[in-house]
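Everything on this sheet refers to the single structure shown next.
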Amino acid sequence: MPEGDTVLRTARTLHRALSGKPLTRTEFRWGALGEIDLAGRQVIETVAYGKHLLTRIAGGRGSAGPHRSAAEVPLTLHTHLRMDGSWRLHRTGSRDWPRTDDPQIRAVVAGSDWTCVGILLGMIDLVPTERESELVGALGPDIMAEQWPDTGRSEALRRWSTAADRPLGEVLLDQRVVAGIGTFYMAEALFARRLSPWRPASELDADAAGELLDTARRLLLAGAEQPVPNTTGDTRRKETSYVHARSGRPCRRCGGGVRVAGVGTAPHERPAFYCPNCQPGPAPTDNGRPQAPLGAAPTRPGSLRNVGLGPPRWRAEPGRGYRR
């Protein structure tokens, strides 16, 4: 699933393409939203909140005053990429416009210069901007937000304090604690801090927890400036991470073998890649069996027995990590 860096990069792209201009066309292939036409309204901005995209759209004419109609109130278009979603840009009127009958298209939002096409979006909502909090209000603070140093960090640590004995990896992935971290940056931040993904979060004091969150934020912000998630500075395929998706390969720091095991509570475990030498501590879900490099041919379709995870919980996909 795209993480905060990818979502922030997408928000910046949509903002540059649409903000400050009236919409010339909208199309939503999403239930009742298919009847809505926002053409003529002006886009104010697109921002990211964790893994969520919020495109804010001005109200129509006559929007001032206490008795505004539903057609006049400012709106927020909320989208989530989930696992496979993306926004793609095409010059409005250009020949590279995709087939309009493409079943993967979920939304079309166009201005005079650019047409933004939502492919395989996992979530689409359109709500009055004043009700935006109903969509993202339950989330923890956005770890990539400008307000993080002033208010976000302290609020995340307050929520962290309720994590009790949950594993570090699980807490970092909990969007109710902090929004924006996924399995890639969870693994990379823990490796950078030499912490086991299964170490109880309660063992970290506020200073150590804050340092871990600051590390994750630094990595995410750096990744947002790259074309793909990246912590090594190397953009070559399979060279963008220290441990994520590198099970069965040598650790870049110590040379030992990187491993992967599940973190979290069934049936919602997520893959946690780690180096046992650099990140000593508990690994209760790692059965210790030899693990082949990610993408190696499985013993049978869908099986991960050859990488030491026992009964298959995920399937390996070359270059894409583990997917349920």
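Position one of the sequence shown corresponds to residue 1 (full-length UniProt numbering), numbered consecutively onward.
Here a beta-carbon is modelled for each residue, glycine too, at the ideal position from N, C-alpha and C.
Rounded to whole angstroms, what's the CA-CA distance from R193 to R246? Just pull it up for me.
-> In the sequence shown, counting from the first residue as 1, residue 193 sits at position 193. In the sequence shown, counting from the first residue as 1, residue 246 sits at position 246. Approximately 18 Å, taken between the alpha carbons.
State whether the segment 18-35 contacts the segment 43-55, with contact taken as three or more CB pairs (one from each stretch) at a distance under 8 Å.
-> Yes: at least three Cβ pairs fall under 8 Å.
DSSP state of E3, grouped into three classes?
-> On the sequence shown, position 3 is the one that residue 3 refers to. Coil, per DSSP.
Taking the continuous beta strand (DSSP E) assigned at A272, which residues delimit it?
-> On the sequence shown, residue 272 is found 272 positions in, with the first residue counted as 1. Start and end: 270-274.
For P282, which beta-bridge partners are listed by DSSP?
-> Residue numbering aside, residue 282 sits at position 282 when the sequence shown is read from its first letter. None; P282 has no bridge partner.
For Y185, the three-state DSSP class (helix, strand or coil) = Translated into the one-based positions of the sequence shown, residue 185 becomes position 185. The answer is helix: DSSP assigns Y185 an H, G or I state.
Who are the near neighbours of V108 in its chain, counting only those whose CB is closer than 7 Å to its CB and skipping five residues on each side?
-> By 1-based counting over the sequence shown, the position of residue 108 is 108. Its chain contains R25, T26, E27, T115, V117 as the residues whose beta carbon lies nearer than 7 Å to that of V108, once the 5 sequence neighbours on both sides are disregarded; these appear in chain order.
Leaving aside the five residues before and after L157 along the sequence, list all residues of the same chain whose C-beta is less than 7 Å from its C-beta, in chain order.
-> Looking up residue 157 in the sequence shown gives position 157. Closer than 7 Å at Cβ, skipping near neighbours: A206, A209, G210.
What is the rounded straight-line gap between the Cα of T100 and the Cα of P290?
-> The count along the sequence shown starts at 1 and reaches residue 100 at position 100. The count along the sequence shown starts at 1 and reaches residue 290 at position 290. Between the alpha carbons of T100 and P290 lies a distance of about 48 Å.
Classification of R300 by the beta-carbon crowding that lies within 10 angstroms, buried from 16 upward | Mapped onto the sequence shown, residue 300 falls at position 300. Annotation note: pLDDT 40 at R300 (below 50); position unreliable, coordinate value reported separately. Exposed, by the Cβ-count rule.
In the structure shown, what three-state DSSP assignment does D125 receive?
-> On the sequence shown, position 125 is the one that residue 125 refers to. Strand, per DSSP.
According to DSSP, which residues form a beta bridge with F191?
-> Taking the sequence shown and counting its residues from 1, the one referred to as residue 191 is at position 191. Partner(s): none; F191 has no beta bridge.
Span of the beta strand (DSSP E) holding L75?
-> Within the sequence shown, numbered from 1, the residue matching residue 75 stands at position 75. Secondary structure note for L75: its beta strand (DSSP E) is the uninterrupted segment 75-80.
At least 3 beta-carbon pairs within less than 8 Å: the segment 138-154 vs the segment 228-242 | Touching, no, given that fewer than three Cβ pairs across the two stretches are closer than 8 Å.
Simplified DSSP assignment, three categories, for A209 | On the sequence shown, position 209 is the one that residue 209 refers to. Three-state DSSP puts A209 in a helix.
8 Å CB neighbourhood of R29 in its chain, flanking five on each side removed | As a working mapping, residue 29 is identified with position 29 in the sequence shown. Excluding five sequence positions before and after R29, the CB atoms of its chain that fall closer than 8 Å to its own CB belong to I105, R106, A107, given in chain order.
Three-state secondary structure (DSSP) at D101?
-> The count along the sequence shown starts at 1 and reaches residue 101 at position 101. The answer is coil: DSSP assigns D101 none of H, G, I, E or B.
Return no unless some Cβ of chain D is closer than 8 Å to the Cβ of Q279.
-> Reference to chain D is not applicable here, since this structure consists of a single protein chain.
Would you kindly check if the distance between the Cβ of G85 and the Cβ of A179 is under 8 Å?
-> Residue numbering aside, residue 179 sits at position 179 when the sequence shown is read from its first letter. Residue numbering aside, residue 85 sits at position 85 when the sequence shown is read from its first letter. No.
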